[in-house]
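Going by our numbering, the sequence shown opens with residue 896, and the numbers climb by one from there. One structure below.
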Amino acid sequence: MSEILINLNNLKHNVSQISTKIGSVRKIIAVLKDNAYGHGLVLMAKELANLGVRYACVRSIDEANDIKEFFDDILVLSHIPNGNENIDFTYAINDLSALEIIKENSKIHFAIDTLMHRNGILQKDFELACKIAKKRNLKLLGAYTHFRSADEIGSDYFAQKMVYEKSKKSLKAVACKFGYENLVFHSHNSAATNRAEKIDDDFIRVGISLYGYNEFCDTLNLKPILSLWANRVSKRVLKKGCCVGYGAKFCAKEDINIATYDLGYADGLFRYNGNGELFIENGKKLLGKMSMDSFSCEDSGEKICIFKDVTKWANFFNTINYEILVKLSPRIKRKIVTE
896 MSEILINLNN
906 LKHNVSQIST
916 KIGSVRKIIA
926 VLKDNAYGHG
936 LVLMAKELAN
946 LGVRYACVRS
956 IDEANDIKEF
966 FDDILVLSHI
976 PNGNENIDFT
986 YAINDLSALE
996 IIKENSKIHF
1006 AIDTLMHRNG
1016 ILQKDFELAC
1026 KIAKKRNLKL
1036 LGAYTHFRSA
1046 DEIGSDYFAQ
1056 KMVYEKSKKS
1066 LKAVACKFGY
1076 ENLVFHSHNS
1086 AATNRAEKID
1096 DDFIRVGISL
1106 YGYNEFCDTL
1116 NLKPILSLWA
1126 NRVSKRVLKK
1136 GCCVGYGAKF
1146 CAKEDINIAT
1156 YDLGYADGLF
1166 RYNGNGELFI
1176 ENGKKLLGKM
1186 SMDSFSCEDS
1196 GEKICIFKDV
1206 TKWANFFNTI
1216 NYEILVKLSP
1226 RIKRKIVTE
């Protein structure tokens, strides 16, 4: 069967590079949402905990429950409050209305809207937010924002940083009036961490950098940790003039040895439609349209690597590395390797 291999040495390298820049591995909040960007939630949680990471953030309570044994605390980013929260976790407050619904005594972090205008509380509403939190005995432990343009050249990132710093100062002052002291703050995502000369927050939130990629620049010399492998289902000689796959998109100009391998778009790969040249790791081209459960290429042996770095595939499909990774099906077996 097809499989995903996670290179532990590369993961150690990435954690070390990030930790050295920010001063301590204990300042890392590992972003493990959406099956750890396709790398395997529980697998990655266990290995990161072994490397000293003590804090993670995830999308949902279900994800938090799956990895609760590995971390001191877990921030749930996208939970919609219902009053039945597990108070062992910490919850992002993405909207004022959430404060009226979330279970009393819950631990919370305010999401702060600092120009992205996706989620979060505006600076003008800090007093009201703290008032409601206090009334409902909520434990306000920290706050954070998300930089919308840290992976792009331009002044927008710096403008948003200024808004964040003002909001941070304001929230500290307002929170103290309601007895909320020693709040922790985090704002730097992977791109912001990579480009920052100085980080004043208590934590950083890194996802894609842990997995070996950066969308802006790579001052940390990161190494991709995931490789995707497929196994041969069948092989044959494709005779000159014969075509392979749906729609006969590839026809042989001469006799060639081809094989079918056990990965397709049902496994989360983008569907190659036979147009353009898409290559696997060894330089062989996909031949014809990708099927639901398989693809064809020149016979390359019993087991082949599709990619060790998703960048070329992302570029081919005009998307970002994140999307190629996160779509990889959970049904593909994942395992740790050290080479």
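We put the CB at the ideal spot given by N, CA and C, even for glycine. If you're wondering where the values come from, they're calculated on a predicted model, not measured in any experiment.
Own chain residues within Cβ distance below 8 Å of Asp1148, not counting five before or after:
What you label residue 1148 is simply residue 253 of the sequence shown in a count that begins at 1. One point to set straight first is that residue 1148 is Lys, not Asp, in the sequence displayed. Excluding positions up to five away in sequence, the list reads Lys1135.
Specify whether the region 1112-1128 and the region 1154-1165 touch according to this definition: at least 3 beta carbon pairs, one from each stretch, less than 8 Å apart.
Contact holds: three or more Cβ-Cβ distances are below 8 Å.
Helix, strand or coil: how does DSSP classify Asn855 here?
A question about residue 855 goes unanswered here, because the residues of the chain that appear run from 896 up to 1234.
Is Cys1071 helix, strand or coil by DSSP?
Residue mapping note: residue 1071 aligns to position 176 of the sequence shown, counting from 1. Per DSSP, reduced to three states, the secondary structure at Cys1071 is helical.
Option in Asn905, Arg954, Ala1038, Asn1032 with minimal Cα separation from Gly1015:
Here residue 1015 corresponds to residue number 120 of the sequence shown, with the count starting at 1. Put simply, of Asn905, Arg954, Ala1038, Asn1032 the residue whose alpha carbon is nearest the alpha carbon of Gly1015 is Ala1038.
Residue range of the alpha helix (DSSP H) that includes Tyr932:
For the purposes of this step, residue 932 is taken as residue 37 along the sequence shown, with counting starting at 1. Boundaries of the alpha helix (DSSP H) harbouring Tyr932: 928-932, taken from the DSSP string.
Can you tell me whether Cys1025 is helix, strand or coil according to DSSP?
In the sequence shown, counting from the first residue as 1, residue 1025 sits at position 130. Assigned with DSSP and collapsed to three states, Cys1025 falls in helix.
If you drop the 5 nearest sequence neighbours on each side, which residues of the same chain put their C-beta closer than 7 Å to that of His1041?
Translated into the one-based positions of the sequence shown, residue 1041 becomes position 146. Around His1041: Met1011, Asn1084.
Would you tell me roughly how many angstroms separate the C-alpha atoms of Lys922 and Tyr1141, rounded to the nearest one?
If you number the sequence shown from 1, residue 922 lands on position 27. If you number the sequence shown from 1, residue 1141 lands on position 246. The straight-line gap from Cα to Cα measures roughly 51 Å.
Residues sharing a beta bridge with His1081, DSSP
Numbered from 1 along the sequence shown, position 186 holds the residue referred to as residue 1081. Secondary-structure assignment with DSSP links His1081 through a beta bridge to Tyr1039, Phe1098.
Given a cut-off of 9 Å, decide if Leu1173 and Ile899 are closer than it, judged by their beta-carbon atoms.
In the sequence shown, counting from the first residue as 1, residue 899 sits at position 4. In the sequence shown, counting from the first residue as 1, residue 1173 sits at position 278. Not closer than 9 Å, so no.
By Cβ distance below 7 Å, which residues in the same chain neighbour Asp929 in space, the five residues on each side in sequence not counted?
Against the sequence shown, residue 929 aligns to sequence position 34. Correct list, in chain order: Arg954, Val1221.
Close beta carbons around Gly978, own chain, < 8 Å, minus the five adjacent residues each side
On the sequence shown, residue 978 is found 83 positions in, with the first residue counted as 1. So the list reads Ile996, Ile997, Lys998, once near-sequence residues are dropped.
Just tell me which of Cys1025, Arg1090, Thr1233 has its CA closest to the CA of Lys1056.
Position 161 of the sequence shown, counting from 1, holds the residue named residue 1056. The residue with the shortest Cα to Cα distance from Lys1056 is Arg1090.
Tell whether a beta-carbon distance below 9 Å holds between Glu1110 and Ala1086.
The residue you call residue 1110 lines up with position 215 of the sequence shown. The residue you call residue 1086 lines up with position 191 of the sequence shown. Yes, they are a contact pair.
For Lys1019 and Ala940, the rounded distance between their alpha carbons:
Here residue 940 refers to the residue found at position 45 of the sequence shown. Here residue 1019 refers to the residue found at position 124 of the sequence shown. Rounded to the nearest angstrom, the gap between the Cα atoms of Ala940 and Lys1019 is 37 Å.
Tell me which same chain residues have a C-beta within less than 7 Å of the C-beta of Ser973, skipping the five on either side of it?
One-based indexing of the sequence shown puts residue 973 at position 78. If we look at Ser973 and ignore the five residues flanking it on each side, its Cβ neighbours are Arg954, Ser955.
Consult DSSP for Asp957 and reduce its assignment to one of helix, strand or coil.
On the sequence shown, residue 957 is found 62 positions in, with the first residue counted as 1. Asp957 falls in the helix class under three-state DSSP.
Going by DSSP, which residues form a beta bridge with Ala925?
In the sequence shown, counting from the first residue as 1, residue 925 sits at position 30. Note: Ala925 sits in a beta bridge opposite Ala951, Val1101.
Enumerate in chain order the residues of its own chain whose CB-to-CB distance from Tyr1217 is below 7 Å, with the five nearest sequence positions on each side excluded.
Residue numbering aside, residue 1217 sits at position 322 when the sequence shown is read from its first letter. Excluding residues within five positions, the ones whose Cβ falls inside 7 Å are Tyr932, Ile1103.
Arg1131 versus Phe1165: straight-line alpha-carbon distance, rounded
On the sequence shown, position 236 is the one that residue 1131 refers to. On the sequence shown, position 270 is the one that residue 1165 refers to. So the alpha carbons of these two residues sit roughly 25 Å apart.
Leaving aside the five residues before and after Asn904 along the sequence, list all residues of the same chain whose C-beta is less than 8 Å from its C-beta, in chain order.
Against the sequence shown, residue 904 aligns to sequence position 9. Thr1233, Glu1234, listed in sequence order.
Under three-state DSSP, which class holds His974?
For the purposes of this step, residue 974 is taken as residue 79 along the sequence shown, with counting starting at 1. In this structure, His974 counts as coil in the three-state DSSP scheme.
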